[in-house]
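Counting from 1, position 86 in the sequence shown corresponds to residue 103 in the numbering used here; the numbering is continuous, with no gaps.
Inspection log for the structure reproduced underneath, given as structure tokens.
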Amino acid sequence: MDIIQNTVLVLIETTTQGTIQRTSCEMLGAASLVGTPVAVVVGMPGAGQALSRELGALGAAHVVGVESDNATAELGTLQVAALAQMVGESMPVAVIVANTTESCSVAGRLAVRVGGGVCTNAVGLRFQDDEVIVQHSIFGGEFTTESTVEGGPCIISVRPGSIDHRAVAIENPQVSIRDADTLGCGAPGAAIRAASMRPPASNRPELRTAKTIVSGGRGLGSTEGFGLAEELADALGAAVGASRAAVDAGYAAPELQVGQTGVTVAPDLYIALGISGAIQHKAGMQTSKTIVAIDKDEEAPIFEIADFGVVGSAFDVVPALVAELRARRG
Ligand code: FAD
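Have a look at this one:
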């Protein structure tokens with residue numbers, strides 16, 4: 018790989034169809050805040066080349082395609098090996114991944130491999146005195162803290178939806194292709210002989226990266242009542258989330274839980290239905306750009322962080338809202 022000043026390696030997440038995930042645009046944008054984005058695509062033969070124009074348009078100065086037709090890639094082993102090799106070669110100022118389950122797993126293993134440190138769930142980045150300074154939103158968004166890594170590579174997982182900055186498009190990014198077989202992915206015991214992907218549970222957008230989320234809480238009262246959140250989500254083309262109380266009560270699947278012990282999200286629009294706004298819930302959604310709360314208790318803490326609030330029963334407000342949305346669409 019040619020020497021690039023202030024290289025920031027960006028792990029590109031791809032779908033099983035070989036397209037890039039929505040997180041890529043933001044991760045490349047985040048990288049451009051502190052250096053020159055170099056996109057690393059691990060995938061099937063031809064994937065890096067095929068995606069290079071698109072990644073250039075999102076700001077990648079260089080696209081490194083690591084090719085394999087081995088299912089090992091599904092569990093991150095190749096991503097770790099590829100990034101570890103590139104860290105050794107390019108001495109990047111940082112490695113950036115999306116703060117998703119898959120990429121966080123890569124970040125942790127990479128840190129062990131290269132003797133670095135991980136700054137997780139970043140919501141901002143800046144470069145100061147030759148160091149990348151990473152910002153985190155903590156205690157339900159009440160405080161912003163900063164961290165950095167000393168004495169080893171700085172690996173950062175960035176919260177999807179939290180950084181608006183976009184990189185300048187590069188018309189013809191450099192492209193280099195590597196054969197995964199040359200990377201030395203680990204001990205033979207780590208080999209994976211077969212893997213299959215679980216089909217998505219619904220056609221709705223993925224919760225972590227959705228631009229709009231409708232979340233339901235205990236206030237919806239039952240699994241049938243939770244259907245209100247789903248109905249509004251479908252009217253808006255949104256993802257569905259839930260509070261822990263709604264999950265514990267069996268109204269919603271555990272993977273929909275938003276909050277401290279669930280998923281952290283930062284969509285453009287977050288609509289909370291019958292969610293009181295406990296600090297553990299706010300921890301997972303407080304950095305949403307616009308928050309709308311519908312709750313029948315005007316004292317509910319969710320109203321303290323809501324941009325728009327409706328005091329009323331979700332069972333009255335939501336059907337009227339859905340009817341209005343449908344009427345406007347004709
Ligand atoms: P409630 O607090 O019971 O609120 C229900 C709301 O619905 C009330 O405000 C009520 O006024 C309103 N309501 C009732 N009927 C209606 C109606 N008809 N229309 C409109 N509004 C109505 N919670 C999370 O969400 N995510 C987490 O990740 C999480 N992690 C946790 C980790 C720990 C260690 C602990 C201790 C707790 C955690 N919790 C988490 C739980 C959290 O403390 C709250 O208990 C939970 O968020 C409450 O969920 P809720 O708002 O749906 O329910």
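The C-beta atom is built at its ideal place from N, Cα and C for all residues, glycine as well.
Cross-strand partners of residue i (DSSP beta bridge)
i    : result
Q274 : A259
C367 : The requested residue 367 is not part of the displayed model; the chain covers only 18 to 347.
A139 : H153, V175
S232 : G258, A289
S164 : V151
T53  : T24
I311 : L290, V327
I322 : Bridge partners of I322: none, in fact.
V114 : S174
Q145 : E148
Helix, strand or coil at residue i [DSSP, three-state]
i    : result
G65  : helix
E241 : helix
A227 : coil
A124 : helix
P205 : Confidence at P205 is low in this model, with a pLDDT of 46, below 50, so the placement of that residue is unreliable and no value is reported for it.
I21  : coil
D265 : helix
V282 : coil
I187 : coil
H79  : strand
Q34  : coil
E84  : strand
R5   : Beyond the ends of the chain as shown, which are 18 and 347, falls residue 5; an answer cannot be given.
A246 : helix
G347 : coil
G301 : coil
G105 : helix
I29  : strand
N220 : coil
Residue nearest to residue i in terms of C-alpha spacing, selected from the options
i    : options                : result
V335 : E247, V58, P177, V110  : E247
L75  : H182, V231, L100       : H182
A56  : A344, V25, D312, G158  : V25
V27  : C42, T33, G35          : C42
A303 : R176, V110, V135, Q96  : Here residue 303 turns out to be Gln, not Ala, going by the sequence shown. Closest option to Q303, Cα to Cα, is R176.
S107 : Y268, H153, P54        : P54
A262 : A270, G329, E321       : A270
A10  : S260, P222, E119, I172 : For the chain, the structure presents residues 18 to 347; residue 10 sits outside this window and is missing.
S164 : A184, G141, G178       : G141
P217 : E272, Q191, V264       : E272
S213 : T33, V135, I29         : T33
V114 : Q96, V80, R346         : Q96
G275 : A266, G267, V257       : The sequence shown places Val at residue 275, rather than the Gly named in the question. Among A266, G267, V257, the Cα nearest to that of V275 is on V257.
Query raised in the report: So which residues touch the region around the ligand FAD, with touch meaning a C-beta under 5 Å from any heavy atom?
Result: With the cut-off at 5 Å, the residues found are G234, R235, G236, S260, R261, A262, G276, Q277, T278, G279, G291, I292, S293, A295, Q297, H298, D312, K313, D314, A317, S330, A331.
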